[in-house]
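Asks: Below is the structure I would like to discuss, written out as structure tokens.
Next up, the structure:
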């Protein structure tokens, strides 16, 4: 079934309008607070703030559908085949492991699990390898489940509505890339408010975009192939659960180059993600590549 007509007239315009209405006040608040004290007397203020802004795209998509008589079914809420959830789980794990193995193996950064070990020992009342195992297992399960609540907010907007709507018009490559560029640009005001540490802003922006656009394209591809938004939610959740709480936490700087290689603004993830996206595109043939298979 082809569902180009399932998106109501003006759905995309309504989505972008509501996205700005919801996001701009939170961007402004982030800039007002800056990267200094976020508590403002409220416990876990930063966590609540991040959750709120991550739900802006999802709320914008839901409002856009409601106001343009577009069925919520086009957002891809149905569960996909189990294999797509498995692919979505393994994919971010693979690019993170490869990127950080290169960082550690080439001496750009040093692997040091002492902080992770101390936290795990304190939390689980275990020692040594048992504590590490418990910490890793918890991160891979509970950590991912916790992140789903926030990642779902973004993915309803980006991969639920935007990428399939654009792909139906322009094909999977252009639709997936453009939607991913929008996804990346939407992050920049918030990330800039947080600050990039010792990195030049131009460098952080460039490599953040080079890293996030390929991931967004693969998520768009998963959305198209599975006809469900849930694989993209899993990718997003695994990435958020592992990148900073595990890989960055266990990486000790080995010089000034480390900051330029690690994290979402580093060249390691950008390079690995570009390769993955290229391989996914090369594996795509026929109707899916041309945007002729229904996304929901």
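Residue numbers (our numbering): 66 to 361. Positions of the beta carbon are idealized from the N, C-alpha and C atoms, including for glycine. Predicted model only: the values in this text are computed from it and were never measured.
Could you round the C-beta distance between residue 259 and residue 330 to whole angstroms and report it? I think they count as a contact, below 8 Å.
Replies: In the chain shown, residue 259 corresponds to position 194, counting from 1. In the chain shown, residue 330 corresponds to position 265, counting from 1. With 8 Å as the limit, residue 259 and residue 330 do not qualify as a contact, their Cβ atoms being about 11 Å apart.
Asks: Can you find the residues in the same chain that come closer than 6 Å, C-beta to C-beta, to residue 231, ignoring five residues on each side of it along the sequence?
Replies: On the chain shown, residue 231 is found 166 positions in, with the first residue counted as 1. Correct list, in chain order: 240, 243, 244.
Asks: Within its chain, find whatever has a CB closer than 7 Å to the CB of residue 173; leave out the 5 residues flanking it on each side and keep chain order.
Replies: For the purposes of this step, residue 173 is taken as residue 108 along the chain shown, with counting starting at 1. Closer than 7 Å at the Cβ level, and outside the excluded window around residue 173, lie 319, 322, 323, 326.
Asks: Is residue 217 near residue 298, with beta carbons less than 7 Å apart?
Replies: The residue you call residue 217 lines up with position 152 of the chain shown. The residue you call residue 298 lines up with position 233 of the chain shown. Closer than 7 Å, so yes.
Asks: What's the gap between the Cα of residue 195 and the Cα of residue 187?
Replies: Locating residue 195 in the chain shown gives position 130, counting from the first residue. Locating residue 187 in the chain shown gives position 122, counting from the first residue. Approximately 12 Å, taken between the alpha carbons.
Asks: So, for residue 119: in the same chain, excluding its five sequence neighbours on each side, which residues have a beta-carbon less than 8 Å away from its beta-carbon?
Replies: Reading the chain shown from its first residue, position 54 is the one you call residue 119. Once the five neighbours on either side are set aside, the close Cβ partners of residue 119 are 215, 216, 218, 219.
Asks: Please confirm if residue 291 has its CB atom under 7 Å from at least one CB of chain D.
Replies: The question asks about chain D, but that chain is absent: this structure has only one protein chain.
Asks: Using the three-state DSSP reduction, which class does residue 174 fall into: helix, strand or coil?
Replies: Counted from its first residue, the chain shown places residue 174 at position 109. Here residue 174 sits in strand by DSSP.
Asks: Taking all protein chains shown into account, do 16 or more other C-beta atoms lie within 10 angstroms of the C-beta of residue 185, making it buried, or fewer, making it exposed?
Replies: In the chain shown, counting from the first residue as 1, residue 185 sits at position 120. Under the 10 Å beta carbon count, residue 185 is surrounded by 16 or more other beta carbons and is classified as buried.
Asks: Decide yes or no for the touch test of the segment 299 to 308 against the segment 122 to 131: beta carbon pairs closer than 8 Å, at least 3 of them.
Replies: no
Asks: Do three or more CB pairs link the segment 131 to 144 to the segment 273 to 282 at distances below 8 Å?
Replies: Segments in contact, no.
Asks: What are the start and end residues of the alpha helix (DSSP H) that includes residue 318?
Replies: Taking the chain shown and counting its residues from 1, one reaches residue 318 at position 253. No alpha helix (DSSP H) holds residue 318; the beta strand (DSSP E) holding it covers 316 to 318.
Asks: Within 10 angstroms of its Cβ, does residue 97 collect 16 or more other Cβ (buried), or is it exposed?
Replies: Against the chain shown, residue 97 aligns to sequence position 32. It counts as exposed.
Asks: Please name the residue, chosen from 145, 116, 157, that lies closest to residue 340 on a Cα-to-Cα basis.
Replies: Stepping through the chain shown from its first residue, residue 340 is reached at position 275. Selected option, being the one with the closest Cα: 157.
Asks: Short of 8 Å in beta carbon distance, which residues of its chain neighbour residue 94, apart from the five on each side in sequence? Order them along the chain.
Replies: On the chain shown, position 29 is the one that residue 94 refers to. Within the same chain, Cβ atoms closer than 8 Å to the Cβ of residue 94 are found at 114, the five residues on either side in sequence being excluded.
Asks: Which of the three DSSP states, helix, strand or coil, is assigned to residue 328?
Replies: Along the chain shown, one-based indexing puts residue 328 at 263. Residue 328: coil per DSSP, three-state reduction.
Asks: Express the C-alpha separation of residue 142 and residue 257 in angstroms, rounding to a whole number.
Replies: The residue labelled residue 257 in the question sits at position 192 within the chain shown. The residue labelled residue 142 in the question sits at position 77 within the chain shown. Our two residues, residue 257 and residue 142, have alpha carbons roughly 32 Å apart in a direct line.
Asks: So for residue 142, helix, strand or coil by DSSP?
Replies: As a first step, residue 142 must be located in the chain shown, where it is residue number 77. If DSSP states are grouped into helix, strand and coil, residue 142 belongs with coil.
Asks: Nearest to residue 296 by alpha carbon, out of 283, 308, 307, 306?
Replies: Your numbering for residue 296 matches position 231 in the chain shown. Residue 283 is the option with its Cα nearest to residue 296.
Asks: Given a cut-off of 7 Å on the beta-carbon distance, is the pair residue 177 and residue 86 in contact?
Replies: As a working note, residue 177 is residue 112 in the chain shown. As a working note, residue 86 is residue 21 in the chain shown. No.
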